[in-house]
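Asker: So the sequence lines, in the order shown, correspond to chains A and B. Per our numbering, numbering of the first sequence is gapless, rising by one per residue and ending at 226. Per our numbering, numbering of the second sequence is gapless, rising by one per residue and ending at 226. Backbone N, C-alpha and C define an ideal beta-carbon position, used for all residues, glycine too.
2 protein chains.
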Amino acid sequence: MGFERRKKEILSLLAKKEFINASELVEKLGVSDITIRRDLAQLETQGLLKRTHGGATKVDENPMVSFDLKSSQNDTEKRKIGEAAAKHIQDGDVIFIDCGSTTLHICSHIKKLNIKVITNSLPVVSALQNSHVKVNLIGGELDHKRQAVHGKMAVNHIKQYHADKAFIGADAIDQEGNLWANSETEAEISQAMIATSDKVYVCADSSKRGKKGYLRFAEVIDVEHI
Amino acid sequence: MGFERRKKEILSLLAKKEFINASELVEKLGVSDITIRRDLAQLETQGLLKRTHGGATKVDENPMVSFDLKSSQNDTEKRKIGEAAAKHIQDGDVIFIDCGSTTLHICSHIKKLNIKVITNSLPVVSALQNSHVKVNLIGGELDHKRQAVHGKMAVNHIKQYHADKAFIGADAIDQEGNLWANSETEAEISQAMIATSDKVYVCADSSKRGKKGYLRFAEVIDVEHI
DNA sequence: ACGAATTTGATTGTTTTTGTTTATTTTTGA
DNA sequence: TCAAAAATAAACAAAAACAATCAAATTCGT
Numbered sequence: 001m002g003f004e005r006r007k008k009e010i011l012s013l014l015a016k017k018e019f020i021n022a023s024e025l026v027e028k029l030g031v032s033d034i035t036i037r038r039d040l041a042q043l044e045t046q047g048l049l050k051r052t053h054g055g056a057t058k059v060d061e062n063p064m065v066s067f068d069l070k071s072s073q074n075d076t077e078k079r080k081i082g083e084a085a086a087k088h089i090q091d092g093d094v095i096f097i098d099c100g101s102t103t104l105h106i107c108s109h110i111k112k113l114n115i116k117v118i119t120n121s122l123p124v125v126s127a128l129q130n131s132h133v134k135v136n137l138i139g140g141e142l143d144h145k146r147q148a149v150h151g152k153m154a155v156n157h158i159k160q161y162h163a164d165k166a167f168i169g170a171d172a173i174d175q176e177g178n179l180w181a182n183s184e185t186e187a188e189i190s191q192a193m194i195a196t197s198d199k200v201y202v203c204a205d206s207s208k209r210g211k212k213g214y215l216r217f218a219e220v221i222d223v224e225h226i
Numbered sequence: 001m002g003f004e005r006r007k008k009e010i011l012s013l014l015a016k017k018e019f020i021n022a023s024e025l026v027e028k029l030g031v032s033d034i035t036i037r038r039d040l041a042q043l044e045t046q047g048l049l050k051r052t053h054g055g056a057t058k059v060d061e062n063p064m065v066s067f068d069l070k071s072s073q074n075d076t077e078k079r080k081i082g083e084a085a086a087k088h089i090q091d092g093d094v095i096f097i098d099c100g101s102t103t104l105h106i107c108s109h110i111k112k113l114n115i116k117v118i119t120n121s122l123p124v125v126s127a128l129q130n131s132h133v134k135v136n137l138i139g140g141e142l143d144h145k146r147q148a149v150h151g152k153m154a155v156n157h158i159k160q161y162h163a164d165k166a167f168i169g170a171d172a173i174d175q176e177g178n179l180w181a182n183s184e185t186e187a188e189i190s191q192a193m194i195a196t197s198d199k200v201y202v203c204a205d206s207s208k209r210g211k212k213g214y215l216r217f218a219e220v221i222d223v224e225h226i
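#1: Out of B:L14, B:A86, B:L25 and B:E77, state which residue places its alpha-carbon closest to the alpha-carbon of K59 (chain B).
#2: Residue range of the alpha helix (DSSP H) that A154 (chain B) falls in?
#3: Suppose you measure from the CA of I110 (chain B) to the CA of G47 (chain B); what does that come to, to the nearest Å?
#4: What does the alpha-carbon distance come out to for the pair S12 (chain B) and E176 (chain B)?
#5: Are the C-beta of K112 (chain B) and some C-beta of chain A separated by less than 8 angstroms?
#6: Whose C-beta lies closer than 7 angstroms to the C-beta of R146 (chain B) among residues of the same chain, with five residues either side of it excluded?
#7: Does the region 161 to 171 of chain A touch the region 28 to 39 of chain A, meaning 3 or more C-beta pairs lie closer than 8 angstroms?
#8: Using the beta-carbon of each residue, which ones in chain A are nearer than 9 angstroms to G47 (chain B)?
#9: Could one say the Cβ of T196 (chain B) lies closer than 8 angstroms to chain A's Cβ atoms, at least one of them?
#10: Cβ of I118 (chain B) within 8 angstroms of Cβ of Y161 (chain B)?
#11: Could you give the first and the last residue of the continuous alpha helix (DSSP H) run that contains I10 (chain A)?
#12: Counting only runs of 4+ residues fully inside the region 93 to 134 of chain B, write out the alpha helix (DSSP H) ranges in chain order.
#13: Taking a contact to mean a Cβ-Cβ separation below 8 angstroms, would you say L137 (chain B) touches L137 (chain A) in this structure?
#14: Pull up the distance between the alpha-carbon of S207 (chain B) and that of E186 (chain B), whole angstroms please.
#15: Return the CA-CA distance between A192 (chain A) and D205 (chain B), expressed in angstroms with no decimal places.
#16: Which term fits E184 (chain B), buried or exposed, when burial requires 16 or more other beta carbons within 10 angstroms of its beta carbon?
#17: Quick one: does H132 (chain A) have its CB under 8 angstroms from some CB of chain B?
#18: Measuring alpha carbon to alpha carbon, tell me which of A:H225, A:M153, A:E188 and A:T76 ends up nearest A218 (chain A).
#19: Return the bridge partner residues of L215 (chain B) from the DSSP annotation.
#20: Does DSSP put V149 (chain B) in a helix, a strand or coil?
#21: Helix, strand or coil, according to DSSP, for K28 (chain B) in the structure here?
#22: Quick check: the Cα distance between K8 (chain A) and E224 (chain A), rounded to an integer number of angstroms?
#23: Taking C-beta pairs closer than 8 angstroms, name the residues in chain B that G139 (chain A) reaches, listed in chain order.
#24: Count the other CB atoms, across all protein chains shown, that sit within 10 Å of the CB of N120 (chain B); report buried if there are 16 or more and exposed otherwise.
#25: Just to make sure I have the definition right: I need the residues of chain A whose C-beta is within less than 9 angstroms of the C-beta of G54 (chain B). Which are they?
#26: Using only the alpha-carbon positions, how far apart do A25 (chain B) and T45 (chain B) sit?
#27: What is the C-beta distance between K134 (chain A) and K159 (chain A), in whole angstroms, given that I count them as a contact (C-beta under 8 angstroms)?
#28: Quick check: what's the CA-CA separation for R51 (chain A) versus S23 (chain A)?
#29: Sort A:A127, A:S126, A:L142 and A:V125 by Cα distance to N130 (chain B) and report the nearest one.
#30: My guess is that G92 (chain A) and N114 (chain A) are in contact by the Cβ rule of under 8 angstroms, so how many angstroms apart are they, rounded?
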């Protein structure tokens with residue numbers, strides 16, 4: 001049947017059943033038990049499930065939803081946020097745009113402005129092609145999954161610039177107004193941008209509110225609802 | 001049946017089935033297994049599917065930021081040059097890849113290597129998505145037309161690294177073996193890469209030979225014809 | 001039609017995956 | 001607690017898929 005196909009089959013079965021036992025899989029997929037166990041072991045290392053005695057269970061999917069998944073969620077809301085954020089930008093500005101699906105939506109509204117954008121996000125660069133915007137790409141290690149640059153080099157790069165405004169995202173905003181990130185590398189970048197910008201705008205949709213994340217990296221002052 | 005037609009057939013089959021195994025294709029399309037595998041390999045380098053053991057799966061991922069990998073003049077010659085250049089790269093290497101249509105062709109041959117690529121070229125980044133290669137993006141001002149980063153920041157970025165090998169292009173190579181560029185910004189980048197690499201490979205197709213350009217930036221030592 | 005270049009197929013050997021056997025660990029029930 | 005049963009792991013062998021090389025067939029331009 002082939003390895004990849006079995007993997008998908010296992011995951012789709014698990015999607016409905018919350019738990020699966022190996023012997024069931026042996027029968028359904030027509031391969032030996034050791035093969036099933038090997039599959040489960042691999043899927044576990046990929047973080048796609050959790051092995052147990054006799055089978056496997058779903059893995060709680062909160063932490064670190066991958067970027068591609070994120071990009072489709074709450075899309076219309078995010079687009080509105082991007083439009084609203086863009087209203088704060090004017091000719092002559094130098095702005096940071098952090099990576100993230102929400103900040104990305106700013107781009108389509110600023111293509112005709114005479115501004116400079118400093119960003120670590122490849123989707124942002126892509127979205128600003130064929131525009132009047134001057135783009136400065138932050139250098140450093142590329143995170144393939146997030147499609148963005150991060151790391152020590154990137155932080156240093158940011159430190160050498162100054163911007164009028166920074167547009168950043170957040171993985172969570174709690175009731176006290178703390179901003180949370182789910183990864184240190186991401187938080188680092190955001191903090192560097194904040195440190196060297198006159199004004200900072202946080203772009204986050206409603207699903208981020210009232211939650212906490214893994215790492216607190218900043219605090220909100222004013223709130224504008226869309 | 002012809003290559004192009006088979007390609008389309010494979011893709012349309014894959015469109016419905018989420019997964020295809022090679023033996024199935026062998027039967028359906030009436031060609032040998034090795035041919036099918038070659039087709040799949042080509043389709044994979046074009047990012048149209050993902051190969052697996054026994055077949056291929058859809059590459060459903062979000063339409064990943066792609067900067068045009070479009071073919072240019074002397075494409076087949078350039079492809080061969082890229083292949084030949086890639087033979088000089090091995091696991092563990094740290095390499096520079098300059099922007100340019102010839103150097104770009106190196107990428108499809110190094111996706112499975114365990115190396116680090118430092119580049120200022122967005123198409124290179126794009127071509128190395130879904131590969132094992134660790135990418136370091138050179139930061140600085142983006143040249144929209146060339147789809148590459150250049151400028152003072154970029155040169156500084158390069159200076160902070162050291163590479164085993166550098167793969168650069170050239171706009172012209174005269175009979176005395178001088179390398180010529182048509183723009184200073186490009187020459188700057190090339191020179192910076194040359195300065196901090198142990199070994200430098202110039203990738204240029206036949207149309208560049210026996211000509212001079214605007215700015216002389218380096219000199220050839222050895223020549224290897226393809 | 002001829003030669004060059006491209007595409008395809010056959011052969012070879014290598015790698016990856018799968019299954020079998022054997023031994024170890026974990027669970028369960030008396 | 002102990003032993004039987006179930007599940008797991010490890011080591012090795014078989015099978016399937018793969019890659020590399022070279023030869024045959026096809027296509028292409030002149």
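Answerer: Result, derived from the coordinates:
#1: Residue 59 (chain B) sits at position 59 when you count from the first residue of the second sequence. Just to set this straight, residue 59 (chain B) is Val in the shown sequence, not Lys. Answer by Cα proximity: B:L14.
#2: Residue mapping note: residue 154 (chain B) aligns to position 154 of the second sequence, counting from 1. From DSSP, the alpha helix (DSSP H) with A154 (chain B) extends over K152 to K159.
#3: Locating residue 110 (chain B) in the second sequence gives position 110, counting from the first residue. Locating residue 47 (chain B) in the second sequence gives position 47, counting from the first residue. Each residue's Cα considered, the two are about 15 angstroms apart.
#4: On the second sequence, residue 12 (chain B) is found 12 positions in, with the first residue counted as 1. On the second sequence, residue 176 (chain B) is found 176 positions in, with the first residue counted as 1. So the alpha carbons of these two residues sit roughly 52 angstroms apart.
#5: Within the second sequence, residue 112 (chain B) is the residue found at index 112, counting from 1. No, K112 (chain B) does not count as interfacial toward chain A.
#6: For the purposes of this step, residue 146 (chain B) is taken as the residue at position 146 of the second sequence. Correct list, in chain order: C99.
#7: Counting C-beta pairs with one atom in each stretch, the region 28 to 39 of chain A and the region 161 to 171 of chain A have fewer than three that are closer than 8 angstroms, which means they do not touch.
#8: To locate residue 47 (chain B), count along the second sequence from 1; it is residue 47. Contact annotation for G47 (chain B) against chain A: no contact, minimum CB-CB distance about 14 angstroms [criterion: below 9 angstroms].
#9: The residue you call residue 196 (chain B) lines up with position 196 of the second sequence. Taking Cβ atoms only, chain A never reaches closer than 8 angstroms to T196 (chain B), which makes this a no.
#10: Your numbering for residue 118 (chain B) matches position 118 in the second sequence. Your numbering for residue 161 (chain B) matches position 161 in the second sequence. For I118 (chain B) and Y161 (chain B), yes; Cβs fall inside 8 angstroms.
#11: Against the first sequence, residue 10 (chain A) aligns to sequence position 10. Element bounds for I10 (chain A): F3 to K17.
#12: 101 to 104 and 122 to 127, all fully within the region 93 to 134 of chain B.
#13: On the second sequence, position 137 is the one that residue 137 (chain B) refers to. On the first sequence, position 137 is the one that residue 137 (chain A) refers to. Contact: yes.
#14: Residue 207 (chain B) sits at position 207 when you count from the first residue of the second sequence. Residue 186 (chain B) sits at position 186 when you count from the first residue of the second sequence. For S207 (chain B) and E186 (chain B), the gap between their C-alpha atoms comes out near 19 angstroms.
#15: Mapped onto the first sequence, residue 192 (chain A) falls at position 192. Mapped onto the second sequence, residue 205 (chain B) falls at position 205. Rounded to the nearest angstrom, the two C-alpha atoms are 43 angstroms apart.
#16: The sequence position of residue 184 (chain B) within the second sequence is 184, counting from 1. Exposed, by the Cβ-count rule.
#17: For the purposes of this step, residue 132 (chain A) is taken as the residue at position 132 of the first sequence. For H132 (chain A), not one C-beta of chain B is nearer than 8 angstroms to its own C-beta.
#18: The sequence position of residue 218 (chain A) within the first sequence is 218, counting from 1. Here the closest residue by C-alpha is A:E188.
#19: In the second sequence, counting from the first residue as 1, residue 215 (chain B) sits at position 215. Per DSSP, B:A181.
#20: Residue mapping note: residue 149 (chain B) aligns to position 149 of the second sequence, counting from 1. V149 (chain B) falls in the strand class under three-state DSSP.
#21: Indexing the second sequence from 1 puts residue 28 (chain B) at position 28. Note: K28 (chain B) maps to helix in three-state DSSP.
#22: Looking up residue 8 (chain A) in the first sequence gives position 8. Looking up residue 224 (chain A) in the first sequence gives position 224. Rounded to whole angstroms, K8 (chain A) to E224 (chain A) spans 43 angstroms at the Cα level.
#23: Locating residue 139 (chain A) in the first sequence gives position 139, where the first residue counts as 1. One finds N136, L137, I138, G139, G140, V149, M153, A154 and H157 in chain B with Cβ atoms closer than 8 angstroms to the Cβ of G139 (chain A), taken in chain order.
#24: Sequence index remark: in the second sequence, residue 120 (chain B) carries index 120 (1-based). The residue is buried, with at least 16 neighbouring Cβ atoms inside 10 Å.
#25: Walking along the second sequence from the start, residue 54 (chain B) turns up at place 54. Residues of chain A passing the Cβ test: M1, G2, F3, E4 and R5.
#26: As a first step, residue 25 (chain B) must be located in the second sequence, where it is residue number 25. As a first step, residue 45 (chain B) must be located in the second sequence, where it is residue number 45. Per the sequence shown, residue 25 (chain B) should be read as Leu rather than Ala. If you take the alpha carbons of L25 (chain B) and T45 (chain B), they lie about 19 angstroms apart.
#27: For the purposes of this step, residue 134 (chain A) is identified with residue 134 of the first sequence, where counting begins at 1. For the purposes of this step, residue 159 (chain A) is identified with residue 159 of the first sequence, where counting begins at 1. Going by Cβ atoms, the distance from K134 (chain A) to K159 (chain A) rounds to 20 angstroms, so no, they are not a contact pair.
#28: Residue numbering aside, residue 51 (chain A) sits at position 51 when the first sequence is read from its first letter. Residue numbering aside, residue 23 (chain A) sits at position 23 when the first sequence is read from its first letter. Their Cα atoms are separated by approximately 14 angstroms.
#29: Stepping through the second sequence from its first residue, residue 130 (chain B) is reached at position 130. With distances taken between Cα atoms, N130 (chain B) lies closest to A:L142.
#30: Position 92 of the first sequence, counted from the first residue, corresponds to residue 92 (chain A). Position 114 of the first sequence, counted from the first residue, corresponds to residue 114 (chain A). At roughly 7 angstroms, the Cβ-Cβ gap stays under 8 angstroms, so G92 (chain A) and N114 (chain A) are in contact.
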